[in-house]
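> Chains as they are written, first to last, in UniProt numbering: chain A, 1 to 112; chain B, 1 to 437. Quick one: the structure is below, and I'll ask about it shortly.
Printed below as a string of structure tokens:
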């Protein structure tokens, strides 16, 4: 099993969620995040004083999928989240040893 | 005998009093939105706390020091009113059939001015003053500075009043006075941890705009109420207060657009306040076009003046100096140029053939109050600093003054957007916890 973690622009959340549902995933977790990549931050001005804001708001999406679905799901996320401009985000895939469904105690792919 | 009471005047004075009271929470929101999330409650509390303590002192001796007369209505002291016959104000509650409005209406109206003037100072020492020390400062500064200065400027026997200085609603007594004390306290308390390198952004600009709106609304009572009558003067002053403010906000935004590239909402709110400050002394002395000129100059100058603190390295956190001291001086001095005898104050300034006479008087009034308030606030501030202590500890400041001084936090928002799932967690009421044990 694979954990797919995607950091995307907040306004792309609905598009990505739609693409993931279309790709047939069973569930996902969304959280607000902040950080920077090559985009760095931005500058704000209050009463003439400039502030550099390093950490920009992002949304983090986490999905656990079967090994053979991983590439397809990554493509779905990237396809939906891409604007082509700097700051679009990142997606990474990591291996998951075990998953348990809390309600039934099912383990492994049955729990997805 | 028939009563001379004028119901229109009395109703307007009482209404104005309530309007000025509303400026105090308005000021608290204006300031509160500008501080960080961890300090907003303390900022609200400093402004409201000044209201509580000065209100009580006003009753005991503040009114007497500022406006008190003897039983015959006579006051002949240049420096201070009659305190002994006005302690507790019981002498003023009986009906006086010869008065156009009840004495207590004037007492209440002027009480609000004392309270808000002290509250204005709080913006200079955001995030770092011990609440108890601030309350002590508020009481002592009101007693040593505000009450006598109000007498100098507005009582018929006050020396600045007798000099012929025009200060209709408080350019000297309120704004220069509070602005100079703010400068003193910023020096006494020193800079906040991390200032000016660490970003200290306003946490809620919506709150700032709500505060500016309430201030503007209440300011009609502050200025037009100062006519102490519902008449032509109050209407002229009302309109000048409105239009100078619009002009000042435009000027501030224009400076920002040219200098920084964007017209900001904080700039709009600040321009509103700068305009209101500058028109406060001058609203009775100028035409509506004169009011616009005063607004434009105040808006532009204050927008530039808020940068001075970075140049001189004093942490006047919310720009009380840049807005109130500078705006107060601008409004007070411009009377010397723009006053026209067609306006209710009936004096000609330099541009209307009045020569330099009025400008000289205005300058004396402005700088006398500035100097007195600055020196007195430095002495009071250092006295508090070296006895009871004025600042919270560095650790408390970093954690946040709301928690350190009031054991509260302003907002209970889960920032995950999870419908407040985490809101109740890890909190446990202390009584419930005791039961578990």
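C-beta atoms are modelled at their ideal positions from N, C-alpha and C, and glycine is treated no differently.
Among all the DSSP beta bridges, which residues are the ones paired with residue 34 of chain A?
Beta-bridge pairing links residue 34 of chain A to A:57.
> Helix, strand or coil, according to DSSP, for residue 85 of chain A in the structure here?
In this structure, residue 85 of chain A counts as coil in the three-state DSSP scheme.
> Give me the chain B residues within the contact set of residue 44 of chain A, using Cβ-Cβ distance strictly less than 8 Å, ordered along the chain.
The contacting residues are 201.
> Go through its chain and collect everything with a Cβ distance to residue 103 of chain B's Cβ below 6 Å, but skip five positions before and after it.
The residues are 92.
> In chain B, which residues lie less than 8 Å from residue 27 of chain A when you measure between Cβ atoms?
What residue 27 of chain A touches in chain B: nothing, since even the nearest Cβ is about 15 Å away.
> Taking Cβ positions only, does residue 65 of chain A come closer than 8 Å to chain B?
Chain B, which has no Cβ nearer than 8 Å to the Cβ of residue 65 of chain A, makes this no.
> Compute the Euclidean distance between the alpha carbons of residue 141 of chain B and residue 377 of chain B, then round it to the nearest angstrom.
When rounded, the distance between both Cα atoms is 7 Å.
> From B:387, B:6 and B:186, pick the residue whose C-alpha is nearest to that of residue 374 of chain B; which is it?
Among B:387, B:6 and B:186, the Cα nearest to that of residue 374 of chain B is on B:186.
> Helix, strand or coil for residue 416 of chain B? Go by DSSP, reduced to three states.
Unreliable positioning characterises residue 416 of chain B in this predicted model, as indicated by a pLDDT of 41, which lies under 50. The coordinate reading is nonetheless provided below. In this structure, residue 416 of chain B counts as coil in the three-state DSSP scheme.
> Here's a check: name, in chain order, each residue in its chain whose Cβ is nearer than 7 Å to the Cβ of residue 31 of chain A, leaving out the five neighbours to either side.
Excluding residues within five positions, the ones whose Cβ falls inside 7 Å are 60.
> What residues in the stretch 31-56 of chain A bring their beta carbon closer than 9 Å to a beta carbon of chain D?
Any reference to chain D falls outside this structure, whose protein chains are A and B.
> Considering only residues of the same chain and omitting the five flanking positions on each side of residue 111 of chain A, which have a CB-CB separation below 6 Å?
The residues are 99, 100 and 101.
> Does DSSP classify residue 427 of chain B as helix, strand or coil?
Unreliable placement is indicated for residue 427 of chain B, whose pLDDT of 48 sits below 50; the coordinate value is still reported in the next sentence. DSSP places residue 427 of chain B in coil when its eight states are reduced to three.
> Under 8 Å Cβ-Cβ, which residues of chain A neighbour residue 259 of chain B?
48, listed in chain order.
> I'd like to know whether the C-beta of residue 416 of chain B is nearer than 8 Å to at least one C-beta of chain A.
No answer about residue 416 of chain B holds up, because its pLDDT of 41 lies below 50 and its placement is not dependable.
> Compute the Euclidean distance between the alpha carbons of residue 333 of chain B and residue 322 of chain B, then round it to the nearest angstrom.
Their backbone Cα atoms lie some 16 Å apart in a straight line.
> According to a CB-to-CB cut-off of less than 9 Å, which residues of the stretch 139-155 of chain B neighbour chain A?
Those residues of the stretch 139-155 of chain B that come within reach of chain A (Cβ to Cβ, closer than 9 Å) do not exist; the list is empty.
> I need the straight-line Cα distance from residue 361 of chain B to residue 404 of chain B, nearest angstrom please.
Cα to Cα, residue 361 of chain B sits roughly 47 Å from residue 404 of chain B.
> Let's test the definition: count the other Cβ atoms within 10 Å of the Cβ of residue 241 of chain B and tell me whether it reaches 16, buried, or not, exposed.
Per the 10 Å Cβ criterion, buried.
> Residue 44 of chain A and residue 56 of chain A - do their beta-carbons sit closer together than 8 Å?
No, Cβ-Cβ distance for residue 56 of chain A and residue 44 of chain A is not below 8 Å.
> Excluding the 5 residues preceding and the 5 following residue 266 of chain B in the sequence, name in chain order all residues of the same chain whose CB lies nearer than 8 Å to its CB.
Answer for residue 266 of chain B: 34, 202, 205 and 208, listed in chain order.
> Compare the C-alpha of residue 89 of chain A against each of A:37, A:2 and A:67 and name the closest.
For residue 89 of chain A, the nearest C-alpha among the options comes from A:37.
> Where does residue 62 of chain A fall in DSSP's three states?
Strand, per DSSP.
> Helix, strand or coil for residue 99 of chain A, going by three-state DSSP, please let me know.
Coil at residue 99 of chain A, not helix or strand.
> Give the straight-line distance between the Cα atoms of residue 180 of chain B and residue 211 of chain B, rounded to the nearest whole angstrom.
Cα-Cα distance, rounded: 23 Å.
> Under the DSSP definition of a beta bridge, which residues are partnered with residue 85 of chain B?
Bridge partners of residue 85 of chain B: none, in fact.
> Taking residue 361 of chain B as part of the alpha helix (DSSP H), name the residues at either end of that continuous run.
357-387 is the extent of the alpha helix (DSSP H) around residue 361 of chain B.
> Out of B:57, B:275, B:152 and B:250, which one is the CA nearest neighbour of residue 264 of chain B?
Among B:57, B:275, B:152 and B:250, the Cα nearest to that of residue 264 of chain B is on B:250.
> Taking only beta carbons into account, state which residues of the stretch 313-346 of chain B come closer than 7 Å to chain A, listed in chain order.
So the close ones are 319.
> Does the stretch 244-261 of chain B come close enough to the stretch 57-74 of chain B that 3 or more CB-CB pairs lie under 8 Å?
The answer is no - the stretch 244-261 of chain B does not touch the stretch 57-74 of chain B, with fewer than three Cβ pairs under 8 Å.
> Name, in chain order, the residues that DSSP records as bridge partners for residue 90 of chain A.
In DSSP, residue 90 of chain A forms a bridge with A:7.
> Alpha carbons only, please: which of B:276, B:191 and B:353 is nearest the one belonging to residue 124 of chain B?
The shortest C-alpha separation from residue 124 of chain B is found at B:191.
> Taking C-beta pairs closer than 7 Å, name the residues in chain A that residue 307 of chain B reaches, listed in chain order.
Chain A residues near residue 307 of chain B: 48.
> Shorter than 8 Å from the beta carbon of residue 189 of chain B to some beta carbon of chain A?
By this cut-off, residue 189 of chain B is not an interface position.
> For residue 266 of chain B, decide whether its Cβ has a neighbour in chain A, counting only Cβ atoms nearer than 8 Å.
It does; some Cβ of chain A falls within 8 Å.
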